[in-house]
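Using this note's numbering, you'd call the opening residue of the sequence shown number 18 and step up by one each time. Think of the CB as a built atom: it goes at the ideal place given N, C-alpha and C, for glycine as much as any other residue. Right, one structure below, let's go through it.
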Amino acid sequence: MLSSKAADTDNNHSTVLNLSCGQINYLFCADIETTVEYQLITQRLLADTTVLKVSHHGSKYSSSAWFLDVTSPEFGLISVGADNRYGHPHPETLSRLISVMAENCIYRTDIWGSLDFATDGQSLYILQS
18 MLSSKAADTD NNHSTVLNLS CGQINYLFCA DIETTVEYQL ITQRLLADTT VLKVSHHGSK
78 YSSSAWFLDV TSPEFGLISV GADNRYGHPH PETLSRLISV MAENCIYRTD IWGSLDFATD
138 GQSLYILQS
């Protein structure tokens, strides 16, 4: 875990979880912004990612190009409310995600509702709840 002294906003106090099961790697980024993404990269705390839970509901300051290049996610999950007042996910963030994965590999809760991501360690199963 990173020192809370490094956090410049409350969002950057969030806990980041990297969970692996066999060949499938999940990265849950909570509400971190590019400042913490940079720290995770420079401290070599990241690896290739199968499923990226996009941070901060897909805000403009999440999922920098460098972060996406290092993590190489195959799928993106954006937890976001429909028609939210913040305009999340931000169009620039969606564009960055589309630059590293197919658009149909981006799952948004405002469109899909609840989703289950399951694995046997080799294959990934995505089910609409």
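For residue 74 and residue 107, the rounded distance between their alpha carbons: Rounded to whole angstroms, residue 107 to residue 74 spans 9 Å at the Cα level.
Just to confirm the assignment, what range does the beta strand (DSSP E) spanning residue 145 have? Element bounds for residue 145: 141–145.
Beta-carbon proximity list for residue 145, same chain, < 7 Å, skipping 5 on both sides: The beta carbon of residue 145 lies closer than 7 Å to those of 129, 130 and 132 in the same chain, with the five residues before and after it left out.
Residue nearest to residue 40 in terms of C-alpha spacing, selected from 127, 64, 79 and 76: That would be 64, whose Cα lies nearest to the Cα of residue 40.
Closest to residue 105 by CA distance: which of 117, 78, 83 and 85 is it? Measuring from the Cα of residue 105, the nearest candidate turns out to be 78.
Any idea what DSSP makes of residue 88, helix, strand or coil? Three-state result, residue 88: helix.
What are the boundary residues of the alpha helix (DSSP H) that includes residue 113? Going by DSSP, residue 113 is part of the alpha helix (DSSP H) stretching over 108–115.
On the three-state DSSP scale, how would you describe residue 48? It is coil, neither helix nor strand.
By how many angstroms is the C-alpha of residue 125 removed from the C-alpha of residue 141? Residue 125 has its alpha-carbon roughly 17 Å from the corresponding atom of residue 141.
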